[in-house]
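Top to bottom, those sequences are chains A and B.
Note that this note's numbering has the first sequence beginning at 465, numbered continuously upward.
Note that this note's numbering has the second sequence beginning at 257, numbered continuously upward.
Note that CB positions come from ideal geometry on N, CA and C, so glycine has one too.
These numbers were taken from a predicted model, which means no experiment stands behind them.
See below for the structure under consideration.
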Amino acid sequence: MTDYNFAYLDEDTKRMIRRAILKALAVPGYQVPFASREMPMPYGWGTGGVQVSAAILTPEDVMKVIDQGADDTTNAVSIRRFFEKTAGVATTTRTAEATVIQTRHRIPETPLREGQVLVYQVPIPEPLRFLEPRETETRRMHALEDYGLMHVKLYEDIARHGRIATSYAYPVKVEGRYVMDPSPIPKFDNPRLKSEAIQLFGAGREQRIYALPPHCRVESLDFEDHPFEASKADHPCALCGATGSYLDEVITDDAGGRMFVCSDTDFCATRRGEAA
Amino acid sequence: MTGLDALSGGFATPALDSARAFRAAMEALARPGTIREVAGAAPPGPLSPAAGVLILTLCDPSTPLHLAGGWDVPAVRDWVAFHAGAPLVAAERAAFAVGDWAALRPLGRFAQGTPDYPDRSATLIVEVPRLAADGARLTGPGIRGETWLSLPAPVEPLVANAARFPLGVDLFLTHGHRLAALPRSTRIG
Numbered sequence: 465m466t467d468y469n470f471a472y473l474d475e476d477t478k479r480m481i482r483r484a485i486l487k488a489l490a491v492p493g494y495q496v497p498f499a500s501r502e503m504p505m506p507y508g509w510g511t512g513g514v515q516v517s518a519a520i521l522t523p524e525d526v527m528k529v530i531d532q533g534a535d536d537t538t539n540a541v542s543i544r545r546f547f548e549k550t551a552g553v554a555t556t557t558r559t560a561e562a563t564v565i566q567t568r569h570r571i572p573e574t575p576l577r578e579g580q581v582l583v584y585q586v587p588i589p590e591p592l593r594f595l596e597p598r599e600t601e602t603r604r605m606h607a608l609e610d611y612g613l614m615h616v617k618l619y620e621d622i623a624r625h626g627r628i629a630t631s632y633a634y635p636v637k638v639e640g641r642y643v644m645d646p647s648p649i650p651k652f653d654n655p656r657l658k659s660e661a662i663q664l665f666g667a668g669r670e671q672r673i674y675a676l677p678p679h680c681r682v683e684s685l686d687f688e689d690h691p692f693e694a695s696k697a698d699h700p701c702a703l704c705g706a707t708g709s710y711l712d713e714v715i716t717d718d719a720g721g722r723m724f725v726c727s728d729t730d731f732c733a734t735r736r737g738e739a740a
Numbered sequence: 257m258t259g260l261d262a263l264s265g266g267f268a269t270p271a272l273d274s275a276r277a278f279r280a281a282m283e284a285l286a287r288p289g290t291i292r293e294v295a296g297a298a299p300p301g302p303l304s305p306a307a308g309v310l311i312l313t314l315c316d317p318s319t320p321l322h323l324a325g326g327w328d329v330p331a332v333r334d335w336v337a338f339h340a341g342a343p344l345v346a347a348e349r350a351a352f353a354v355g356d357w358a359a360l361r362p363l364g365r366f367a368q369g370t371p372d373y374p375d376r377s378a379t380l381i382v383e384v385p386r387l388a389a390d391g392a393r394l395t396g397p398g399i400r401g402e403t404w405l406s407l408p409a410p411v412e413p414l415v416a417n418a419a420r421f422p423l424g425v426d427l428f429l430t431h432g433h434r435l436a437a438l439p440r441s442t443r444i445g
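If you want it as structure tokens, here you go:
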């Protein structure tokens, strides 16, 4: 372990990111600007999450990386190898054994506990960006707690589709103050944003870090007559039979064949191991 | 203390020591009221080892530091200059400040953040004579239900600081090798 500084980043960069993480935890849901570095992977591959993970890792950590719930996809495997090589940390695919979990677009099915940190890769951190493209304006809207535009958007969903059609990156309000983008997790995962673990969100290209401390009040935006609903495909998992987990639809042939399987590969494999 | 003493007392393995120290500080700030032990720094008095660890972990030439009251002594100045390189400034310009509770008040002197950028506020390292899980009742983000922490007296400036959320300063409380944190989001009483 002499080829790299521990966890790749230089110490000045880590201090800068660490200061941003502390301010993010002190103001839950607020997006703290940080000086995102070029990483040896392209923007969009999780550079924000990688920088946050590099800033919090200790030599004693056990790291898990998932991409849409899976440990064995290209993005997850390459980031896991990156930290094996540059930080020398142990890695695992078991949620319960990991102390730091970097994730792209899912929250593990297994409930997280104190002592674990969940690091999200975030593409667009600003929940208001598609409603108002100007950063100066969205910043002012957060300062004034002016979130009427977001409610109009959800209302227009109902007017057009009869229900709130947003199914992922479903906006939440944190501790009754900041509206936050939970990253493109399915809205099925939103109730699990209230967690025992520390949750950190890193957006590399957009240069923002935000956070949810444990036991933080996180409410999915909704209306009294159209309450939030954490939905999923109405099937059991074809492999492990779980009925309460989030499912991926897998096409199995070119004749319309398909199956629904757990998106969380560790959860599914563990259940099948126990059943066998 | 001679000038050479300032050269000792830093992290033996900076990358690893600061990684472990930051993780403890982050857990403390994310779970207000919990007390953590940190190690690796041996700063000159009156700076406590825990406050020294925080300065080595978080401060560098880009973070102006204010030494308050009895902490503004040559031995501490030299140690900070050699190990962290943080410019020493008045309270109004500080990103970090260290001292006892009497010297750090009033809190209004420090950067409170702005409505557009609440993160641009100072972080205070308060050296306290006692640190225990009793005294003031704390609620808010990071706390399951409620918890208790010995806060420095008088507590009114801290109550006022919390009332300014999302603006306000964030505090670490340090004693010996131990630290706890009180972010602005924590409600007191």
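Cβ-based burial, residue i [other Cβ within 10 Å; buried from 16]
i                     : result
residue 728 (chain A) : buried
residue 524 (chain A) : exposed
residue 400 (chain B) : exposed
residue 717 (chain A) : exposed
residue 715 (chain A) : exposed
residue 616 (chain A) : exposed
residue 675 (chain A) : buried
residue 533 (chain A) : buried
residue 569 (chain A) : buried
residue 625 (chain A) : exposed
residue 319 (chain B) : buried
residue 263 (chain B) : exposed
residue 405 (chain B) : buried
residue 317 (chain B) : exposed
residue 307 (chain B) : buried
residue 608 (chain A) : exposed
residue 487 (chain A) : buried
residue 425 (chain B) : buried
Chain-ordered chain A contacts of residue i [CB-CB under 7 Å]
i                     : result
residue 285 (chain B) : 486, 489, 490
residue 380 (chain B) : Simply none; closest approach about 12 Å.
residue 292 (chain B) : Residues of chain A passing the Cβ test: none, with the nearest at roughly 12 Å.
residue 393 (chain B) : Chain A residues near residue 393 (chain B): none, gap ~16 Å exceeds 7 Å.
residue 343 (chain B) : Those within 7 Å of residue 343 (chain B) in chain A number zero; the least Cβ separation is about 15 Å.
residue 408 (chain B) : Ordered by position in chain A, no residue passes the 7 Å Cβ test against residue 408 (chain B), which lies about 19 Å from the chain.
residue 374 (chain B) : 491, 494
Bridge partner(s) assigned by DSSP for residue i
i                     : result
residue 609 (chain A) : Its beta-bridge partners do not exist; DSSP assigns none.
residue 356 (chain B) : B:383
residue 670 (chain A) : Answer by DSSP bridge pairing: none, since residue 670 (chain A) is not bridged.
residue 756 (chain A) : Outside the displayed span of chain A (465 to 740) sits residue 756 (chain A), for which this structure offers no information.
residue 735 (chain A) : In the DSSP output, where bridge partners are listed per residue, residue 735 (chain A) has none listed.
residue 726 (chain A) : A:711
residue 532 (chain A) : DSSP output for residue 532 (chain A) lists no bridge partner at all.
residue 404 (chain B) : B:393
residue 683 (chain A) : A:637
residue 481 (chain A) : Residue 481 (chain A) pairs with nothing; no bridge assigned.
Chain-ordered neighbours of residue i on chain B, where CB pairs are closer than 9 Å
i                     : result
residue 535 (chain A) : Correct list: empty, because the minimum Cβ distance to chain B is about 24 Å.
residue 698 (chain A) : Simply none; closest approach about 34 Å.
residue 475 (chain A) : 270, 271, 274, 316
residue 678 (chain A) : 286, 287, 397, 398, 399, 400
residue 482 (chain A) : 274, 278, 281, 282, 313, 314
Residue-level contact to chain A via CB, residue i, 8 Å cutoff
i                     : result
residue 264 (chain B) : no
residue 304 (chain B) : no
residue 444 (chain B) : no
residue 299 (chain B) : no
residue 198 (chain B) : No answer is possible for residue 198 (chain B): it lies beyond the span of chain B, which begins at 257 and ends at 445.
residue 371 (chain B) : yes
residue 257 (chain B) : For residue 257 (chain B), the pLDDT reaches just 49, beneath the cut-off of 50, and the residue's location in the model is therefore unreliable, although a value from the coordinates is still provided. No - not a single Cβ of chain A is within 8 Å of the one on residue 257 (chain B).
Chain B contact for residue i (CB, 8 Å cutoff)
i                     : result
residue 576 (chain A) : no
residue 494 (chain A) : yes
residue 589 (chain A) : no
residue 639 (chain A) : yes
residue 556 (chain A) : no
residue 607 (chain A) : yes
residue 685 (chain A) : no
residue 669 (chain A) : no
residue 662 (chain A) : yes
residue 604 (chain A) : yes
residue 479 (chain A) : yes
Under 7 Å by beta carbon: chain B residues contacting residue i
i                     : result
residue 470 (chain A) : 271, 272, 275
residue 522 (chain A) : 275, 276, 279
Short Cβ contact (8 Å threshold) for residue i with residue j
i                     : j                     : result
residue 303 (chain B) : residue 321 (chain B) : no
residue 565 (chain A) : residue 574 (chain A) : no
residue 436 (chain B) : residue 678 (chain A) : no
residue 551 (chain A) : residue 661 (chain A) : no
residue 699 (chain A) : residue 711 (chain A) : yes
residue 273 (chain B) : residue 267 (chain B) : yes
residue 364 (chain B) : residue 288 (chain B) : no
Proximal chain A residues relative to residue i, where beta-carbon distance stays under 9 Å
i                     : result
residue 320 (chain B) : By Cβ distance, chain A contributes nothing, its closest Cβ being about 13 Å from residue 320 (chain B), past 9 Å.
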